[in-house]
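One line per chain: the protein sequences are B and U, in this order. Counting from 1, one number per residue, gives the positions in the first sequence under the UniProt record's numbering. Counting from 1, one number per residue, gives the positions in the second sequence under the UniProt record's numbering. Backbone N, C-alpha and C define an ideal beta-carbon position, used for all residues, glycine too. These numbers were taken from a predicted model, which means no experiment stands behind them.
Protein chains: 2
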Amino acid sequence: MATIKEVAKHTGLSSTTVSRVINNHPYVDEAKRKKVLEAMEELGYVPNSSARRLRGQRTNTIAVIISRIVNPFFSHLVDAMEKLAAEQGYQLILCDSRLEKKREIRHLELLKTKQVDGIILASIQNDWKDIEPYTRYGPILSCNEYDSKASMPMVVCDQKYGGYLGTRHLIERGHTKIAYAGGADRIELTRDRFTGFEQAMKEAGLAIREDYLFTSYYGIDDGKNIFHRMYALEEKPTAIFAGGDEVAAGVIKEAKRFHCRVPDDLAVIGYDNQPIADLIDPGITTIDQPMKLMGTRAMEMMMDMITHNRRTMYQKEVLPLQLVVRQST
Amino acid sequence: MATIKEVAKHTGLSSTTVSRVINNHPYVDEAKRKKVLEAMEELGYVPNSSARRLRGQRTNTIAVIISRIVNPFFSHLVDAMEKLAAEQGYQLILCDSRLEKKREIRHLELLKTKQVDGIILASIQNDWKDIEPYTRYGPILSCNEYDSKASMPMVVCDQKYGGYLGTRHLIERGHTKIAYAGGADRIELTRDRFTGFEQAMKEAGLAIREDYLFTSYYGIDDGKNIFHRMYALEEKPTAIFAGGDEVAAGVIKEAKRFHCRVPDDLAVIGYDNQPIADLIDPGITTIDQPMKLMGTRAMEMMMDMITHNRRTMYQKEVLPLQLVVRQST
DNA sequence: CCTGGTTATGATATCGTTACCATATAACGT
DNA sequence: ACGTTATATGGTAACGATATCATAACCAGG
């Protein structure tokens, strides 16, 4: 609509002076500044951000890539990020990979095409070698998920420890037949968590049974599914470590429906400490991940990278995990 | 990095021809087209989207304003929107108003500054008179929430009916002392839902007691809170209609903790039919809102408005609500 | 009175694309 | 042979802002 030139014409000043007013440049006569502001008001002038972006080479926009926004873990992460971004005058583009590599790559292209100033990866589907090329177009950092081959800043939790912590807890409760449900194997976070599980089992001299392992499960329905597969087994596990509170909730829901008592017949431990863990009955024992803190720190680091023009600086920040004991174990 | 001019120089052609290749213009010699594509590949050329936006006056970006992303209702809505947007090559900017008018207005500014092609309002904090001015800068439509004074396209549910439906159900179960917990009064959706409640109560010849009404409640903790305030009453209600499954879940959680049996001592009905409603024990009877459908339809309408350049076309699409009976009533 | 810094303003080039107009050859019908 | 249309290409002016350079008035210090 109204452009800077029209404001200039309207005031009899040059567009340069108008621009100075807009950007609070010091050397502008007070009377003229007022005049310009009035004209802007009158014409309903607003700076066109596409023009500013082109000229200034900055977008004030950040993309966050997650794998499933309906997962409360990601909702909370994104919530914390959005809050900080908004406070700093940044926009947040929500990119959902839906666990697909192609979608993730398409979202990374945003950096190439200069639609965003930086990208936060809260979920990683592709190998580092496919992501790395994008780092030359702007800052990329990971939050929550990670790749040890990658050299990018990261805000993560010690997943090996998390896996260990949960498993130890089950062992301390006297369990020996422990099942494990995790995400996709190709994900390092998933493998690390499993490593922690293995370690605790090994320490206790317990064997890991193939038929007690479930992979690539995320949601409530997956949890229900797993329950049935477990209970179809000849020798049933007495405890399960689920890779997320939603899965745990699904297991518990179905267990109760089939009169399998939790935790007496089957102990269940989740992961994340989502609100739901405290809501259902019995409350889910879980590994607390500091979702808010992770999101906030990641965004802070991103801002820092953008404003100080740092690129592939390598920095790993590890946030604490914690066991939260409730009634499901 | 590499611009269209460099590709032009590299091929010995004009930037116009390169642009034609990029945009699949028909009149380009096949051999030259190939040559351009090779040069683009070699130089790692990618069109700069800020320049395109400026030139083309389109951003391929849509903003969605919600009030709280951690509310699963909004997560699901946004999920459906993001999916469709991505398929059509659009970006989605997540705008969380956190129930604050100022934030909402700041987000509406995105349309003025040409950062987005359109805005979907899934939550409305401001009066129509404060939103209306923005409609002249681009398409705005509402999804879920609405304002009868507003003339913008809407995708909504019949909230009066929803309120009526839930209340009737409680009445049919024999309840007469029915409490009601809703959102903020200034929201029309909230008032309509309450109107439905009133109507059902009136039809049954039941009185509405002031001390049974709770306003401005949204989350799990609010639900817990409400339970305590209800149970501090001399004459306790035997049923409560909560304006969201999270609130209902909070009420139930706390009820159980204080040995108040659901539904025998207290029947609880929720709203939305979020996954949680089916998960907790007892399952929450609730009013199903077609979240996916609402999100999808809203985004479809937005696309239509953008591509056909429609503005304040008034169109109201009402999607069906449904009572889902579980064990909490 | 001259030099040099502070204050104030404007002209112009530039960011990277694409729309529009101009030009040129080839192909075609009459 | 000649106008007409389809095919192919390039030059240039936008889109709307701001960085840079140039200019000029003013005041202070020597």
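- Task: Say whether chain U places a C-beta atom closer than 8 Å to the C-beta of His228/B.
- Result: Here residue 228/B is taken as the residue at index 228 of the first sequence, counted from 1. It does not; no Cβ of chain U falls within 8 Å.
- Message: Under 8 Å, Cβ to Cβ, is there at least one residue of chain U near Asn48/B?
- Response: Here residue 48/B refers to the residue found at position 48 of the first sequence. Closer than 8 Å: yes.
- Message: Looking only at its chain, what residues have a beta carbon closer than 6 Å to the beta carbon of Arg53/U, apart from the 5 residues adjacent to it on each side?
- Response: Here residue 53/U corresponds to residue number 53 of the second sequence, with the count starting at 1. If we look at Arg53/U and ignore the five residues flanking it on each side, its Cβ neighbours are Thr59.
- Message: Once the 5 residues before and after Lys160/U are set aside, which same chain residues still bring their CB inside 8 Å of it?
- Response: Position 160 of the second sequence, counted from the start, is the residue given in the question as residue 160/U. Once the five neighbours on either side are set aside, the close Cβ partners of Lys160/U are Asp192, Arg193, Thr195, Gly196, Gln199.
- Top-ranked residue by Cα proximity to Thr329/B, from Glu254/B, Ser49/B, Phe241/B, Asn126/B: Stepping through the first sequence from its first residue, residue 329/B is reached at position 329. Of all alpha-carbon atoms in Glu254/B, Ser49/B, Phe241/B, Asn126/B, the one lying nearest the alpha-carbon of Thr329/B is that of Phe241/B.
- Task: State the beta-bridge partners of Phe241/U as determined by DSSP.
- Result: The residue labelled residue 241/U in the question sits at position 241 within the second sequence. Answer is Tyr180/U, Ile269/U, bridged to Phe241/U.
- Message: Looking at the secondary structure, which residues open and close the beta strand (DSSP E) in which Ala63/B lies?
- Response: Walking along the first sequence from the start, residue 63/B turns up at place 63. First-last of the beta strand (DSSP E) with Ala63/B: 61-66.
- Task: Kindly list the residues whose CB is nearer than 6 Å to the CB of Gly295/U, restricted to its own chain and excluding five residues on each side of it in sequence; keep chain order.
- Result: By one-based count along the second sequence, residue 295/U stands at place 295. Here the set comprises Leu77, Ala80, Met81.
- Query: Smallest Cα separation from Ser216/B: which of Thr11/B, Ile178/B, Gln125/B, Thr176/B?
  - Reply: Counting from 1 along the first sequence, the entry for residue 216/B is found at position 216. The residue with the shortest Cα to Cα distance from Ser216/B is Gln125/B.
- Put Phe74/U into one of helix, strand or coil per three-state DSSP. Mapped onto the second sequence, residue 74/U falls at position 74. If DSSP states are grouped into helix, strand and coil, Phe74/U belongs with the helices.
- Task: For Pro72/U, decide whether its Cβ has a neighbour in chain B, counting only Cβ atoms nearer than 8 Å.
- Result: Here residue 72/U is taken as the residue at index 72 of the second sequence, counted from 1. Yes, Pro72/U counts as interfacial toward chain B.
- Task: Check Met291/U in the structure and name its three-state DSSP category.
- Result: In the second sequence, counting from the first residue as 1, residue 291/U sits at position 291. Here Met291/U sits in helix by DSSP.
- Tell me, please, whether the CB atom of Ser19/U is closer than 8 Å to any CB atom in chain B? For this step, residue 19/U is matched to residue 19 along the second sequence. With 8 Å as the cut-off, Ser19/U does not count as an interface residue toward chain B.
- Item | 8 Å Cβ cutoff met for Leu266/U and Thr285/U | Taking the first residue of the second sequence as position 1, residue 266/U is located at position 266. Taking the first residue of the second sequence as position 1, residue 285/U is located at position 285. Cβ distance not < 8 Å, so Leu266/U and Thr285/U don't count as in contact.
- Span separating the alpha-carbon of Glu100/B from that of Cys95/U: Reading the first sequence from its first residue, position 100 is the one you call residue 100/B. Reading the second sequence from its first residue, position 95 is the one you call residue 95/U. Whole-angstrom Cα-Cα distance: 25 Å.
- Task: Give the DSSP bridge partners of Asp96/B, in chain order.
- Result: Your numbering for residue 96/B matches position 96 in the first sequence. Asp96/B is bridged to Ile66/B.
- Residue range of the beta strand (DSSP E) that includes Val324/U: Numbered from its first residue, the second sequence carries residue 324/U at position 324. Run containing Val324/U: 322-324, per the beta strand (DSSP E) assignment.
- Message: Tell me which residues of the stretch 98-115 of chain U have at least one Cβ-Cβ distance to chain B shorter than 9 Å, keeping chain order.
- Response: Arg98, Arg103, Arg106, His107, Glu109, Leu110, Lys112, Thr113, Lys114, Gln115
- Cβ neighbour criterion (16 or more within 10 Å) applied to Leu108/B: Counted from its first residue, the first sequence places residue 108/B at position 108. Counting of Cβ neighbours within 10 angstroms places Leu108/B among the buried residues, the total reaching 16 or more.
- Message: Determine whether the beta carbon atoms of Glu104/B and Ile69/B lie at a separation below 8 Å.
- Response: The residue labelled residue 104/B in the question sits at position 104 within the first sequence. The residue labelled residue 69/B in the question sits at position 69 within the first sequence. No, the Cβ-Cβ distance between Glu104/B and Ile69/B is not below 8 Å.
- Query: For chain B, is any of its Cβ atoms less than 8 Å away from the one on Lys256/U?
  - Reply: Taking the second sequence and counting its residues from 1, the one referred to as residue 256/U is at position 256. So, interface residue.
- Three-state secondary structure (DSSP) of Val21/U: What you label residue 21/U is simply residue 21 of the second sequence in a count that begins at 1. Helix at Val21/U.
- Task: Taking only beta-carbon positions, decide if Pro139/U is within less than 8 Å of chain B.
- Result: The residue you call residue 139/U lines up with position 139 of the second sequence. Chain B, which has no Cβ nearer than 8 Å to the Cβ of Pro139/U, makes this no.
- Query: Between Ala8/B and Val18/B, which are expected to be in contact by the criterion C-beta below 8 Å, what is the C-beta distance as a whole number of angstroms?
  - Reply: By 1-based counting over the first sequence, the position of residue 8/B is 8. By 1-based counting over the first sequence, the position of residue 18/B is 18. Confirmed, about 5 Å.
- Counting contacts by CB-CB distance shorter than 8 Å, is Ile69/B in contact with chain U? Start at 1 with the first residue of the first sequence, and residue 69/B comes out as number 69. Ile69/B counts as touching chain U.
- Query: What is the DSSP secondary structure of Gly196/U, reduced to helix, strand or coil?
  - Reply: As a first step, residue 196/U must be located in the second sequence, where it is residue number 196. Helix at Gly196/U.
- Query: Can you tell me where the alpha helix (DSSP H) with Glu234/U in it begins and where it stops?
  - Reply: As a position in the second sequence, residue 234/U is number 234, starting the count at 1. Per DSSP, Glu234/U belongs to no alpha helix (DSSP H) and is neither H nor E.
- Query: When we look at the beta-carbon of His169/U and count the other beta-carbons within 10 Å, is it buried (16 or more) or exposed?
  - Reply: One-based indexing of the second sequence puts residue 169/U at position 169. With 16 or more other Cβ atoms within 10 Å, it is buried.
- State the start and end residues of the unbroken alpha helix (DSSP H) segment that holds Gly166/U. For this step, residue 166/U is matched to residue 166 along the second sequence. Segment 159-172, the alpha helix (DSSP H) holding Gly166/U.
- Query: So who's on the other strand from Ile220/B, going by DSSP bridges?
  - Reply: The sequence position of residue 220/B within the first sequence is 220, counting from 1. None, per the DSSP bridge assignment.
- Query: Any residues in the stretch 123-138 of chain B with a beta carbon nearer than 7 Å to a beta carbon of chain U? Which ones, in chain order?
  - Reply: none
- Tell me whether Ile276/B sits in a helix, a strand or coil according to DSSP, three-state version. The residue given as residue 276/B occupies position 276 in the first sequence. DSSP places Ile276/B in the helix class (H, G or I) of the three-state scheme.
- Could you spell out the range, first to last residue, of the alpha helix (DSSP H) harbouring Lys149/B? Within the first sequence, residue 149/B is the residue found at index 149, counting from 1. Where Lys149/B is concerned, there is no enclosing alpha helix (DSSP H), given that its DSSP letter is neither H nor E.
- In chain B, which residues lie less than 7 Å from Lys253/U when you measure between Cβ atoms? In the second sequence, counting from the first residue as 1, residue 253/U sits at position 253. Per Cβ cutoff of 7 Å: Leu279.
- In chain order, which continuous runs of the beta strand (DSSP E) of length 3 or greater are located wholly inside the stretch 108-147 of chain B? 118-121, 140-143
- Message: Less than 8 Å between CB atoms is the rule here; does Gln91/B satisfy it with respect to chain U?
- Response: By 1-based counting over the first sequence, the position of residue 91/B is 91. Closer than 8 Å to some Cβ of chain U, the Cβ of Gln91/B qualifies, so yes.
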